[in-house]
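Report on the following structure.
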Amino acid sequence: MNARLDPAIPGVVTTDLAIRFLDLVGEILIGLDLEGRITMVNQRACDLLGAPREQLLGLDWFTTFLSADQTPEVRAVFEAILRGDFPPDEIHTYENSIIRSDGLKLRVAWRNTYLRDIDGTIIGTLSSGQDVTTTRLSEAEWKLSERRFRVLVDTSPDPIFLFSPQGHLEWANHAAEELWGIPLDELQGCQARSLASLVDSSEPAVLRELLETGSWRGELETFDAAGQPRRLLVVARQFCSHDEAILSYLAFAHDLTAVRTATLSLEQTLELQHGLSNLTSLMILGLELRFGEYARWSGRILRAEQACYLEMGEGPLASPRLHHGDISASQADDLAVRILALFEKSSTTSIHGQPILGGEGELGLPVNLDGRCLGLLGLRFSSREAAYKAGGMEVATTITELMSVALARKRTEEELTYRFRIEQAISEISKLLMTGSTFSSSNLPWQEVVRILGEALQVGEFFLWEFEPGSTKLRACVKHQLREVPIKDTRPETKFNFERCTWCYERLRSGKDVVLIGSLSLPAEAVAERELLPVGGSGSYLFLPINHPPGTLWGVLGGFESHYSRSWNQYEINALHIICEQLSSTLVHTTSEARLRELEHLLRAEKKVLEEKNITLKEVLRNIESEKQEDLARVSRTISLSILPLLERLGTIGTTMERRYLEIVKNALSELTVAPSDAQANLYLSLSPKEAEVCNLIANGMDVKECAHLLHLSPATVATHRRKIRHKLGLVNSKTSLTTFLRRHLGEEQK
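Taken in order, the sequence shown gives residues 1311 to 2061; the numbers are from the working numbering.
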């Protein structure tokens, strides 16, 4: 659809009524002529461009509001519209960036058409636009977050699936492709029941649990690419829309084939062992029992006097945790020290799964899985002979193998649940930050973000600190405590003074993470930090930098655990990095919006000041004009009443030349009482001062000789001036008399 103009109105419609109508439109309206100059803007466009309408009209759109790199492309689209390359009834859409008068860059989506006059000739374009800057920034941040989340999922070693509500596979990661040996494009659309079968459950029961609780956990049987049976532990959860409609089912799987094979082999071994029937119950109840229960069960079976279990830390700097069954904490500590001493004195410095028997009846049983020591089972008998009599080394080895399988299964389920909880926390925080369009940098939901992360990571205390701009001092501290901190001095905000802890601060400012587990994790230059963290550690700390603006340390996201030394794995750190980047993007977005609102407020204030100054200036001009008219009236009255009567009396005496002089003086004084006309001003504009003087004498009726005598010039010089005057006044080759012309254009105006 194209627009035509009324022939009675030249150019673009600019009447006050039309402008008021256009100002009511909520979108940007801009009209351009054939040269790309602005011929019409509404108030919305003025507010967006940051300039008043009077200043915008006539400006070249392409050189004023577009960057140099995109000007050729946008001008090509403009010229295509003017050529009529698009159908007459088609609205052309286009999107590009513009630069406000204050230098701020915005993104605008345009709908363009061309303007025709009454004859059908294209005379310009008319464009309506919508500011989509915030929308595009949000879309870019959402795509970046989604891309990072996709990388995190695709690199997962465990299969992850997404099913439709009807049970069709919609998406799977590469681990699923490796499991079945089928390309992902062939897997899509397959029914869940065709890929795997349920174990110890029915399909209606699974669906009922999903609908009632929103999640399901169980085991599935399937076959890999080689046709070998596989057992999978699956955690599934449904995703719903805002109106509670089910959108999809997300499932995390872990291969339990090796664990199940080992379990079956051990169960067959147990059938051959006498006196170990209670351990069968241990295997069945292994998922529900705490670590301390292993020591109690094993102590009973082997008839040991004391038993404890020492859980090894995840990292090289993490401290073990001690669990005990039927003995006191002090007895368990003493037994654990003795068991550790056995392995330290052993000729085999590494733990290979073989039990070690001490001289005083201490028996140490390492619990291993995949070459890694998960913990040590410590038993104390009355003597070495009692230890051999209780069951010997072979029975002890069987116990540790069984415990390894139970622990592996427990940790696998915990890890799956933990990863699923972290992924859910990332998704929840992303949704929270994306939907909070009214947030400002001062009221962002920091407390909610910290609470979600603290509950997902199960950290004793999770926190977010904000620094004073350009300073090491803390401006604000938001935290979520899952457990009470027993010693106040171990709290991060009281313990870490970044004015002293320069190593931590400089590392964070350079964009690096800080993980502290006791002073052993610190370099030599971290003097202040070493004083705060004694050997062995008083807790584990994690600090991740939040940068805003880019390259500037805005704050710190981190966690603290005091009751035991906790290691931070790379999966947790990567997930928290995603949150830090989302928080940085949100800060940039809210700061930009706040700055835009501030600029709009300043523009409105400046506009009001200019309007007030304009009113004052008009009042001053009116006063000046009034004073000017009063002065002119006073001078005119003085000349008319005092000077001219005297000159009339002098005109009756003297020579003819003197009377002529008096006549000239009277005419000059009369001119003072009349404001110079536009014709008179235009007439003298092109003449020299001497030529203007000759014009006055000629207008008063003097000939060449009289002018020469009065001006003390030769007649030839006056004649030359006369010819130049005729030339400048356009009287060359004209029969009009110069005297007549001057009297008609000057004398009548004065009259």
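C-beta: ideal position from N, C-alpha, C; glycine also.
Only a predicted model underlies this, so the values are computations on that prediction, with no experimental measurement involved.
Through-space distance from residue j to residue i, alpha-carbon basis
i       : j       : result
ILE1556 : PHE1549 : 6 Å
VAL1442 : LEU1818 : 35 Å
TRP1481 : GLY1491 : 15 Å
ALA1766 : ILE1732 : 6 Å
PHE1396 : ALA1390 : 8 Å
ARG1648 : PHE1808 : 41 Å
ALA1904 : LEU1376 : 24 Å
VAL1837 : THR1862 : 25 Å
HIS2031 : ASN2006 : 12 Å
ALA2018 : ALA2009 : 15 Å
LEU1620 : VAL1516 : 38 Å
LEU1893 : SER1820 : 18 Å
LYS2045 : ARG2036 : 11 Å
LEU1489 : LEU1566 : 12 Å
ARG1417 : GLN1440 : 9 Å
SER1751 : SER1507 : Only weak support is given to the placement of SER1751: the predicted model assigns it a pLDDT of 48, under 50, and the question is left unresolved by the model.
SER1438 : VAL1335 : 10 Å
GLU2001 : ASN1924 : 41 Å
GLN1757 : LEU1462 : 26 Å
Status (buried if at least 16 other CB within 10 Å, exposed otherwise) for residue i
i       : result
ASN1352 : buried
ALA1355 : buried
GLN1538 : exposed
SER2047 : exposed
VAL1930 : exposed
PHE2051 : buried
ILE1888 : buried
GLY1368 : exposed
LYS2015 : exposed
GLU1882 : buried
PRO1469 : buried
ALA1361 : buried
N-terminal and C-terminal residue of the alpha helix (DSSP H) that residue i is part of
i       : result
LYS1789 : Unbroken run through LYS1789 is the beta strand (DSSP E), 1784–1791; no alpha helix (DSSP H).
VAL1335 : No alpha helix (DSSP H) holds VAL1335; DSSP gives it neither H nor E.
ALA1515 : 1513–1523
CYS1890 : 1880–1948
HIS2031 : 2025–2038
ASN2043 : Unbroken run through ASN2043: none, as it is neither H nor E.
LEU1650 : 1639–1655
PHE1372 : 1371–1375
GLN1353 : 1353–1359
ARG1363 : 1363–1366
C-beta atoms of residue i and residue j nearer than 8 Å
i       : j       : result
LEU1339 : ILE1433 : no
ALA1561 : PHE1473 : yes
GLY1688 : ALA1786 : no
LEU1436 : GLY1346 : no
VAL1769 : LEU1742 : no
ASN1422 : GLN1380 : no
LYS1976 : LEU1997 : no
VAL1544 : GLU1529 : yes
THR1710 : VAL1677 : yes
SER1740 : SER1455 : yes
ILE1762 : ALA1718 : no
GLU1839 : TRP1813 : yes
TYR1851 : GLY1865 : no
ALA1696 : GLY1671 : yes
LEU1521 : ALA1546 : no
GLU1487 : ARG1503 : no
LYS1789 : PHE1773 : yes
PHE1853 : VAL1824 : yes
Identity of the residues DSSP links to residue i by a beta bridge
i       : result
LEU2081 : Residue 2081 lies beyond the residue range present for the chain, which begins at 1311 and ends at 2061; the question has no answer from this structure.
PRO1539 : PHE1533
MET1713 : DSSP lists no partner for MET1713.
PHE1773 : LYS1789, GLY1868
ILE2127 : In the structure displayed, the chain extends from 1311 to 2061; residue 2127 sits before or after that span and is not available.
VAL1760 : Answer is none; VAL1760 lacks a bridge partner.
Check: residue i C-beta below 7 Å from any heavy atom of the ligand GTP
i       : result
ALA1355 : The ligand GTP is not part of the structure shown, which contains no ligands of any sort.
Limits of the beta strand (DSSP E) - the one that residue i falls within
i       : result
VAL1852 : The sequence as given places Leu at residue 1852; Val does not occur at that position. First-last of the beta strand (DSSP E) with LEU1852: 1850–1857.
LYS1415 : 1415–1426
PHE1808 : No beta strand (DSSP E) contains PHE1808, which DSSP labels as neither H nor E.
GLY1681 : Neither: GLY1681 is in no beta strand (DSSP E) and is coded neither H nor E.
GLN1440 : 1432–1441
CYS1618 : 1616–1621
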